[in-house]
Each structure stands twice: as structure tokens, then as C-alpha cells.
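**Q** One structure coming up, written as C-alpha cells, with questions to follow.
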Amino acid sequence: MKYNWRISKYSKVVSDDQDKLSYCGRDLDAYSQTITHSQYDTQSVHNEVWLHTYSKTNVTLEVSLCGVLEIRLLIHAPPHVEVITLEHLRVEDKMNLCIKQKVLGCKIGLKKFQITFYNIQEIEIFIEKFNERFGGGISKNLIWKFMRIVEGIKVDEEIKSKMKTNRDYYEIRSELLELINRVD
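In terms of the numbering used here, the sequence shown opens at residue -14 and continues consecutively.
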């Protein structure tokens, strides 16, 4: 059985011109935005170029499961609908999956991409069907439990008022020692 979900966004890391092509060889520049995201590393700034594709009125993104994970772009131009396959992945390949709210991140070798669902219920159903079909690659309960814990943490206003942005090593060390002594 084939399962399909409409998604709001598909993003992938672009490392060379080959990555700007879809699975079927079409150039994605006409349908996507290219954005450079910077991330500070311990040594330097790490830049990644991402290609973002969004669902719009005449363009629909879809992810499907049926033996493979497939992401497609459907372009509605009456009187016909054009289908472009963006990704076509065998799930037997080693995949690293990460879920945060309604975003699913995937890494296979050097290839990285993200898909954004419209709501949390859809990603829960996707996880259920993915685990059912491919033997449980995603641990839903652990992820959702962790997300509930993180979302439930609130910073006390008194603590917020005492927070400083620029402190030296000795201030931080003495504050840490005070906190440790309070616990004992």
C-alpha cells in the first residue's frame, strides 16, 4: 500500500551543481530558493547552502512511502499536472532521522534534507507508517517525551534578571561553586 502526505516545505543541502538537480534530472532553481545558512564552529564559521522548495497555490509538495521514501513536486498548470521526483530513497540505506515538532530531518551519507509537515498529527501518522513498513527506525515515544520536557521548562523571572551576558571565567566558576554548595 502507498501512503501520501502533503508537505509545506522541502529543503536540501547543496554542495555542488549536481545537488541542484532533482532525482529525474530537472534543474530546481526555477522552483526553489537558495539560502546560505551560517553556523559558528569552534574554529570558524561553517556555511551551508540550502535549497528550499515551498508548496504554493500551483505547486504542491508530497512525500510518499511504498517500499521507498519518495518526495515529489506537483506543478498544476491546466490542463495537465507535471510531476517532478525530488528524492527517491531506498530505506535499506543507512538513514539518520531527527524529528522536531513538525520537521523531519534526514541524513544519508553526505546528503541532508528536511521536510516540513503541515501539523504534528501528520508527522505522528508518518512515523507510525514508517515504523510499520520499515521495522521501526524512529522512536516516537522517546522523542515526544523529550520534546514535552524541554517545552515545559520555564526560566524563573528572578533568574532571568540575574543573568549576565559577558562574564569572565572566575565569575562563572565562583557562581558554579555557590550553586554546588547550595545543593549539598
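Each residue gets a CB set at the ideal place from its N, CA and C atoms; glycine is no exception.
Check whether the region 73 to 87 and the region 25 to 38 touch, using three or more Cβ-Cβ pairs below 8 Å as the test.
**A** no
**Q** Quick one: Cα of N126 to Cα of P64, how far?
**A** Because the pLDDT at N126 is just 49, under 50, the model does not fix this residue reliably, and the value given afterwards should be weighed accordingly. Roughly 45 Å separates the two Cα atoms.
**Q** Which residue wins for smallest C-alpha separation from D2, given the options Y(-12), V34, V66, I93?
**A** V34
**Q** Hey, out of T38, T21, S17, whose CA is closest to H31's CA?
**A** By alpha-carbon distance to H31, the top candidate from T38, T21, S17 is T21.
**Q** Report yes if the C-beta distance between I170 and T45 is below 9 Å; otherwise report no.
**A** Given a span of -14 to 169 for the chain in the structure shown, any question on residue 170 remains unanswerable.
**Q** Pull the bridge partners of D12 from the DSSP assignment, please.
**A** The partner list for D12 (beta bridge, DSSP) reads L6.
**Q** Quick check: the Cα distance between E107 and K92, rounded to an integer number of angstroms?
**A** 21 Å
**Q** Could you check the C-alpha separation between R167 and E160 for me, to the nearest Å?
**A** 11 Å
**Q** For L59 and E156, I'd like the C-alpha separation in whole angstroms.
**A** One C-alpha to the other measures close to 57 Å.
**Q** Can you tell me whether DSSP reads Q99 as helix, strand or coil?
**A** Correct three-state label for Q99: strand.
**Q** What three-state label does DSSP hand K(-13) in the structure shown?
**A** coil
**Q** Start and end of the alpha helix (DSSP H) containing N116?
**A** 105 to 119
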